[in-house]
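In this note's numbering, the protein residues as written are -2 to 517. We treat Cβ as the ideally placed atom computed from N, Cα and C, and that holds for glycine. Note that the coordinates shown come from a computational prediction; the quantities given were computed from them, not determined experimentally. The structure appears below as structure tokens.
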Ligand SMILES: [Zn+2]
């Protein structure tokens, strides 16, 4: 209400790509346009926020979010004006943020050079412009990638070259990475030292530091990751690695291939040593989450034999007590217990199989019946089609045209009938015994589980359970479909305490099993 009595006070937001900026489209031009628009409308621009599109998408998005938060929280600002929709957002998440500004925070969003009415059609317009902006970005990325590929195939390198090179000029005047003398010498020394086989990455770091070979003036010591990356980089032998493929580069190699290969062997050798072996834990790597804080349960090998599990965030404030290590055997026995619950009592199992069989038989009967019907209709249609074609051949001009038209109609009908027949035939094969198979599999699963390989165990756990959580030592979770139906179908009567009636488990399970048939 208050707003109506005064001018709308807006924030003018200008975003320009770095290329445009270097070409002279300054941020000022957009701001000027926004201000002129506001003056025409009788609004007031309280402040201009500028930001330049950067190479780091994350930083750019962070900046965008800051601006949106500022508009949300500042009571003085009634809204925001951008130059155009594609200046405001290049993706649909940003667009959604702007929409929330309007719908939830009661702020206005304007675009100075694109007027949208404040109604459903206007919002549609903004949405379409947003999608177009996204398409533009995607398309641009594809085009750029195409451009990069052709350059890389020609041996050129369109990125910033790695350490030891700087961008210079090739013989034909195009850009080409050339050795940057002192740094290139450092690269050669690093490869030479490593190829001797006397160093690990750690001792290499010390050696370089003692030799006063600094990474940069500010960061004197080389980091492990810098060295590891550098020593694996094929760029130094004149090759370009791009999207997983190796291309021949035009730039000068700093290291000969033999030395490079030797260094790779030294590095691989280190990786083969038991200390560096990557562990594969059956229930680790995010399969189970912590029931308290939601972080991954992590694993560790103790005494080189026993695997233990614990929440990765031991100091998280949501833990009632600091989590302790849980032995793998404790987790595994709980998993088998949970798999045990899939086992149906014998009489229910027999009944269920018989029930599924009768349903399947009925399905098969129905399908057979429909197939017979379809076949008859197809034969009839074929006969009519033949007659029509014959008549068309015997008559002339207009009448023949008419017969042909009817014939085409019949032909289409015939094609549809044929299609339906193939569908039914395929469905009959596919559907036939899936439910029975799931039932059988579930009965054997908990016994077989213990002899499965870790990978198979992970697969089973992942396909049977959902939301597995570790609550101190207790494993809890839900069953996925269709297994949840099995558990439900026999746990319910047990819970109701009417065990004596379980001998004839009929009505309550019929619906559950019907669900099992349709489960994926
Ligand atoms: Zn936790």
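Between the segment 246 to 257 and the segment 281 to 291, are three or more C-beta pairs nearer than 8 Å? They do not touch, by the three-pair rule.
Own chain partners of residue 126 with C-beta closer than 6 Å, once the 5 adjacent residues on each side are dropped: 82
Suppose you measure from the CA of residue 455 to the CA of residue 466; what does that come to, to the nearest Å? 15 Å
Given a cut-off of 7 Å, decide if residue 385 and residue 412 are closer than it, judged by their beta-carbon atoms. no
If you follow the alpha helix (DSSP H) that residue 468 is part of, which residue opens it and which one closes it? Residue 468 -> not in any alpha helix (DSSP H); beta strand (DSSP E) instead, spanning 462 to 468.
Among 433, 461, 451, 452, which one has its Cα closest to the Cα of residue 442? 461
DSSP three-state assignment for residue 115, whether helix, strand or coil: coil
Using the three-state DSSP reduction, which class does residue 69 fall into: helix, strand or coil? helix
Where residue 339 and residue 304 are concerned, what is the direct C-alpha to C-alpha distance, given to the nearest angstrom? 27 Å
Please determine whether the Cβ atom of residue 282 lies at a distance below 6 Å from any heavy atom of ligand 1. No, the Cβ of residue 282 stays beyond 6 Å of every heavy atom of ligand 1.
Taking a contact to mean a Cβ-Cβ separation below 7 Å, would you say residue 154 touches residue 237 in this structure? yes
Consult DSSP for residue -2 and reduce its assignment to one of helix, strand or coil. Per-residue confidence for residue -2 stands at a pLDDT of 42, beneath the threshold of 50, marking its modelled position as unreliable; no derived number is given.
Short of 7 Å in beta carbon distance, which residues of its chain neighbour residue 198, apart from the five on each side in sequence? Order them along the chain. 221, 224, 225
Here's the rule: buried if 16 or more other CB atoms are within 10 angstroms of the residue's CB, otherwise exposed. What is residue 494? The pLDDT assigned to residue 494 is 34, lower than 50, so where the model puts this residue is not dependable; a value taken from the coordinates is nonetheless given after this. That one is exposed.
Whole-Å CB distance - residue 264 paired with residue 228, under 8 Å assumed: Rounded, the Cβ-Cβ distance is 6 Å, consistent with contact.
Using the C-alpha atoms, what's the distance from residue 169 back to residue 184? 27 Å
By the three-class DSSP mapping on this structure, what secondary structure does residue 189 have? Helix, per DSSP.
Helix, strand or coil for residue 300? Go by DSSP, reduced to three states. coil
Examine ligand 1 and report whether any of its heavy atoms sits within less than 6 Å of the Cβ of residue 69. no
What does DSSP give as the partner residue(s) for residue 242 in the beta ladder? 239
Length of the line joining the Cα atoms of residue 474 and residue 452: Spanning the two alpha carbons is a distance of roughly 20 Å.
At a cut-off of 6 Å, is residue 290 close to ligand 1 when judged by its beta-carbon and the heavy atoms of the ligand? yes
If you drop the 5 nearest sequence neighbours on each side, which residues of the same chain put their C-beta closer than 7 Å to that of residue 283? 293
Residue 94 - partner residues in DSSP beta bridges: According to DSSP, which records beta bridges pairwise, residue 94 is partnered with nothing at all.
Quick check: residue 278 and residue 296, are their CB atoms within less than 7 Å of each other? yes
Straight-line CA distance for residue 271 to residue 448? Because the pLDDT of residue 271 is 45, which lies under 50, any placement of that residue in the model is unreliable, and the number read from its coordinates should be weighed accordingly. Approximately 26 Å, taken between the alpha carbons.
With DSSP as the reference, please indicate the residues paired to residue 293 in a beta bridge. 286
What do you get for residue 161, buried or exposed, if any count of 16 or more other CB atoms within 10 angstroms of its CB means buried? buried
Using the Cβ count rule (16 or more neighbours within 10 Å means buried), how would you classify residue 4? exposed
What distance in whole Å lies between the Cβ atoms of residue 248 and residue 235, which are believed to be in contact at a cut-off of 8 Å? 6 Å
Entirely enclosed beta strand (DSSP E) segments - the segment 154 to 199, minimum 3 residues: 162 to 166, 172 to 176
Leaving aside the five residues before and after residue 476 along the sequence, list all residues of the same chain whose C-beta is less than 6 Å from its C-beta, in chain order. 484
Have a look at 394, 353, 341, 399 and flag the residue whose alpha-carbon is nearest the alpha-carbon of residue 481. 341
Where does residue 266 fall in DSSP's three states? Three-state DSSP puts residue 266 in a helix.
Does the segment 144 to 151 come close enough to the segment 204 to 221 that 3 or more CB-CB pairs lie under 8 Å? no
Compare the C-alpha of residue 59 against each of 204, 86, 72 and name the closest. 86
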